[in-house]
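Quick mapping for you: the protein sequence lines, in order, are chains A and B.
When we follow the working numbering, the leftmost residue of the first sequence carries the number 2, and every step to the right adds one.
When we follow the working numbering, the leftmost residue of the second sequence carries the number 179, and every step to the right adds one.
All residues carry an ideal CB built from backbone N, CA and C; glycine is no exception.
Quick caveat, the model's predicted, so the values are computed rather than measured.
Have a look at the structure below before the remarks.
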Amino acid sequence: MDLFSKRYTILVNDEPVELSIKNNKIRNAYFMDNRMTIELSEDIIKQIQTYPSTVINADKFDGNAEFTKAISKMMSQQLDLAILRNDKTTLSRFARSGLVGDDKTADFLQSINNPTGARKLLINTVDKTNTIFKVLKLDRFLDKLKEKIADTKADAFLQAFQQDQFNKSVGYDSKLHLNKQLDTELVTLASNFLKNHNIEVFDAEKVEDKQSEELFMQTALRNGFLVDDAKIAFHQTLEKNQISKYGTIKDNLNLIEKFKSNIEFLEKQDAMKNKTLKDFSTVSEDMTPVEKIDILVKNEEYLNMNEAQKLRVENDVIYDDVPITDKYLSNIDTSSADMGGYQEFNYNNDRLKSQHQVNTQLNTQQ
Amino acid sequence: MQEQIKALGKAIEALDHNKVSWVNKHLVIDLHEKATVLLKSVKHFENDELQKAINASQEFLKDTKDVITKLDGGF
């Protein structure tokens with residue numbers, strides 16, 4: 002039991018709706034500085050209370066028809082009241098906000114009361130259709146419907162219509178929908194469904210997986226939930242199950258990185274024995290040529306080689322760092338290559354460069 | 179009857195509250211709910227009740243024609 006009521010703010014197009022909630026019931030509601038009556042179901046009140054912040058954007062309840070209807074009705078009452086009282090402060094606030102729509106002309110009141118405008122047309126249509134339902138005695142009608150609909154399968158046309166709605170439903174996007182607030186009953190329905198059907202992963206290419214998804218959407222529809230919400234609930238619950246079991250992709254990538262660095266460390270540790278040439282190349286990876294020579298002369302495989310082989314290895318693993326050598330190596334006698342040969346090659350290379358510069362200068366002078 | 183179901187299906191699709199401003203949303207939701215009830219009634223009722231539901235649907239579709247046209251074209 003709550004001792005004090007807690008205040009929550011719901012932002013609708015940047016206009017705040019203030020709600021005071023105590024013992025899961027709305028005590029007071031304020032909109033545009035006026036006290037209003039608003040009726041919300043316990044489910045929605047719970048969602049508001051469990052939201053991490055006391056300021057909530059109405060977009061969080063996007064797709065919840067009951068919430069939208071209650072808020073819209075309250076706003077509409079406020080607007081009607083302001084028109085009757087000729088409350089210019091509230092009317093100008095409505096005119097400035099995006100709550101009334103884009104069919105505003107210079108005269109705000111005239112545009113609202115325009116008989117061919119959106120508001121008048123909708124009000125008239127609702128009144129007319131109310132008469133139809135009064136003749137039908139709606140309450141009795143709905144009770145009979147509930148009896149008839151329970152556990153009956155839709156016919157071919159309705160199935161096709163349903164299929165069409167399923168295809169049009171939103172695609173699940175983990176970034177957008179993983180933390181989207183959904184009806185708790187729907188989430189429970191999804192988690193029970195996944196448990197009963199033993200579904201742990203979803204592959205959009207697999208026919209069985211698609212069938213399971215559709216089956217759940219049908220079940221959710223029969224329980225009065227929206228198609229989009231049902232699809233999001235299915236994938237959201239599946240992803241949350243996976244995260245609780247296997248962790249997030251980021252966690253797994255971090256783990257892989259950790260394993261990789263561990264393997265590299267172990268490989269280096271093993272290579273420290275300096276037995277084979279591979280060990281040598283692993284250990285001396287980031288070393289300068291001089292440091293490399295110090296390690297190479299202690300390498301077991303290198304020590305067991307004859308002189309010609311040793312020379313080739315030295316050329317391969319130490320002097321190869323200078324890329325231009327690859328280009329001109331074929332011109333040098335590798336059998337007698339030593340540090341002297343390397344210097345001679347550099348000397349020849351410099352001479353070629355200066356010769357080229359002289360030639361270019363001569364050409365330009367001519 | 180199939181035509182009625184098809185027309186009501188289209189009406190349900192067109193009566194989307196996202197197409198109107200906040201002060202008018204509850205009116206569109208009201209019409210959407212009525213259309214859904216009528217669709218279910220036409221599908222599930224029999225004999226006299228079915229005939230009543232069909233008549234009501236016809237009236238409903240006639241009354242909401244302007245709204246649906248406006249919603250399709252954008253208010």
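Residues within the region 172 to 189 of chain A neighbouring chain B, beta-carbon criterion of under 8 Å = Those would be none; no residue qualifies.
Check your understanding: Hey, would you say Ile84 (chain A) sits closer than 9 Å to Ile39 (chain A), going by beta carbons?
Key -> The residue given as residue 84 (chain A) occupies position 83 in the first sequence. The residue given as residue 39 (chain A) occupies position 38 in the first sequence. No, they are not a contact pair.
For Lys181 (chain A) versus Ile233 (chain A), is the C-beta distance shorter than 9 Å?
-> By 1-based counting over the first sequence, the position of residue 181 (chain A) is 180. By 1-based counting over the first sequence, the position of residue 233 (chain A) is 232. At a Cβ-Cβ threshold of 9 Å, Lys181 (chain A) and Ile233 (chain A) count as neighbours.
Exercise. Since Thr10 (chain A) is in the alpha helix (DSSP H), which residue starts that stretch and which ends it?
Worked result: Stepping through the first sequence from its first residue, residue 10 (chain A) is reached at position 9. It is not in any alpha helix (DSSP H) - Thr10 (chain A) instead sits in the beta strand (DSSP E) that spans 7 to 13.
Between the C-alpha atoms of Leu110 (chain A) and Gly248 (chain A), what's the straight-line distance to the nearest angstrom?
What you label residue 110 (chain A) is simply residue 109 of the first sequence in a count that begins at 1. What you label residue 248 (chain A) is simply residue 247 of the first sequence in a count that begins at 1. Those two C-alpha atoms are separated by around 57 Å.
TODO: Measuring only between beta-carbons, confirm whether Asp244 (chain B) sits less than 9 Å from chain A.
DONE: Residue mapping note: residue 244 (chain B) aligns to position 66 of the second sequence, counting from 1. It does; some Cβ of chain A falls within 9 Å.
inquiry  = For a quick check, are the C-beta atoms of Leu12 (chain A) and Ala66 (chain A) less than 9 Å apart?
reply    = Within the first sequence, the letter at position 11 stands for residue 12 (chain A). Within the first sequence, the letter at position 65 stands for residue 66 (chain A). No, the pair does not count as a contact, with Cβ atoms beyond the cut-off.
CA-CA distance, Asp34 (chain A) and Ser42 (chain A)?
-> Within the first sequence, the letter at position 33 stands for residue 34 (chain A). Within the first sequence, the letter at position 41 stands for residue 42 (chain A). For Asp34 (chain A) and Ser42 (chain A), the distance between alpha carbons rounds to 24 Å.
- Task: Give the residues of chain A in contact with Glu181 (chain B), contact being defined as C-beta atoms less than 7 Å apart.
- Result: The residue you call residue 181 (chain B) lines up with position 3 of the second sequence. Against chain A, the beta carbon of Glu181 (chain B) has no neighbour under 7 Å; the closest one sits roughly 10 Å away.
Exercise for the section: Could you check how far apart the C-beta atoms of Ala234 (chain B) and Ile133 (chain A) are, in whole angstroms? I think they sit under 8 Å. Expected result: To locate residue 234 (chain B), count along the second sequence from 1; it is residue 56. To locate residue 133 (chain A), count along the first sequence from 1; it is residue 132. That pair is a contact at about 5 Å.
For the 8 Å Cβ check, are there 3 or more pairs between the region 210 to 217 of chain B and the region 188 to 201 of chain B? By the criterion of at least three beta-carbon pairs nearer than 8 Å, the region 210 to 217 of chain B is in contact with the region 188 to 201 of chain B.
- Query: How would you list, in chain order, the residues of chain A whose beta-carbon sits under 9 Å from the beta-carbon of Val220 (chain B)?
  - Reply: Taking the second sequence and counting its residues from 1, the one referred to as residue 220 (chain B) is at position 42. Within chain A, no residue comes near Val220 (chain B); the closest Cβ sits about 11 Å away, beyond 9 Å.
_Supposed contact pair Val127 (chain A) and Asp208 (chain B) - C-beta distance, whole angstroms, cut 8 Å_ = As a first step, residue 208 (chain B) is located in the second sequence; it is residue number 30 there, counting from the start. As a first step, residue 127 (chain A) is located in the first sequence; it is residue number 126 there, counting from the start. About 5 Å; that satisfies the 8 Å criterion.
Measuring only between beta-carbons, confirm whether Asn202 (chain B) sits less than 9 Å from chain A. Sequence index remark: in the second sequence, residue 202 (chain B) carries index 24 (1-based). Interface residue, yes.
### Message
Any C-beta of chain B within less than 7 Å: which residues of the region 118 to 139 of chain A qualify?
### Response
Residues passing the 7 Å Cβ filter: Ala119, Arg120, Leu122, Leu123, Ile124, Thr126, Val127, Lys129, Thr130, Ile133, Phe134, Leu137.
- Rounded to whole angstroms, what's the CA-CA distance from Leu312 (chain A) to Thr283 (chain A)? Just pull it up for me. Within the first sequence, numbered from 1, the residue matching residue 312 (chain A) stands at position 311. Within the first sequence, numbered from 1, the residue matching residue 283 (chain A) stands at position 282. Distance from the CA of Leu312 (chain A) to the CA of Thr283 (chain A), rounded to the nearest whole angstrom, comes to 20 Å.
* Could you pull the start and end residues of the beta strand (DSSP E) that Leu20 (chain A) belongs to? => Translated into positions along the first sequence, residue 20 (chain A) becomes position 19. Counting along the chain, the beta strand (DSSP E) containing Leu20 (chain A) begins and ends at 16 to 23.
Original post:
Of all the CB atoms in chain B, is at least one closer than 9 Å to the CB of Ala231 (chain A)?
Top reply: Reading the first sequence from its first residue, position 230 is the one you call residue 231 (chain A). Contact of Ala231 (chain A) with chain B is not assigned, every C-beta pair being separated by 9 Å or more.
Taking the straight line between their C-alpha atoms, what separation do you get for Lys197 (chain B) and Asn255 (chain A)? Within the second sequence, residue 197 (chain B) is the residue found at index 19, counting from 1. Within the first sequence, residue 255 (chain A) is the residue found at index 254, counting from 1. Between Lys197 (chain B) and Asn255 (chain A), the C-alpha separation is close to 45 Å.
Do the region 260 to 268 of chain A and the region 216 to 225 of chain A touch if we need at least three Cβ pairs shorter than 8 Å? No, the region 260 to 268 of chain A does not touch the region 216 to 225 of chain A.
Q.
Assuming the contact rule is C-beta atoms closer than 8 Å, Asn242 (chain A) and Leu195 (chain A) should be a hit. Round their C-beta distance to whole Å, please.
A. Indexing the first sequence from 1 puts residue 242 (chain A) at position 241. Indexing the first sequence from 1 puts residue 195 (chain A) at position 194. Their Cβ separation, rounded to whole angstroms, is 7 Å, which keeps Asn242 (chain A) and Leu195 (chain A) in contact under 8 Å.
Taking 6 Å as the limit between beta carbons, can you name the residues of its chain near Ala272 (chain A), skipping five residues before and five after?
As a first step, residue 272 (chain A) is located in the first sequence; it is residue number 271 there, counting from the start. Cβ neighbours of Ala272 (chain A) beyond the five flanking positions: Asp280, Thr283, Val284.
key: Given Val368 (chain A) as reference, the closest of A:Thr189, A:Met306, A:His236 once Cα atoms are compared   = This structure leaves residue 368 (chain A) out entirely; chain A is present only between 2 and 367.
### Task
Locate the beta strand (DSSP E) running through Ala231 (chain A), then write down its first and last residues.
Position 230 of the first sequence, counting from 1, holds the residue named residue 231 (chain A). Run containing Ala231 (chain A): none in the beta strand (DSSP E); it sits in the alpha helix (DSSP H), 228 to 247.
Is there at least one Cβ from chain B nearer than 9 Å to Lys74 (chain A)'s Cβ? Reading the first sequence from its first residue, position 73 is the one you call residue 74 (chain A). Output row for Lys74 (chain A): interface = yes.
- Message: For a test of the three-state rule: what should DSSP assign to Val298 (chain A), helix, strand or coil?
- Response: Translated into the one-based positions of the first sequence, residue 298 (chain A) becomes position 297. If DSSP states are grouped into helix, strand and coil, Val298 (chain A) belongs with coil.
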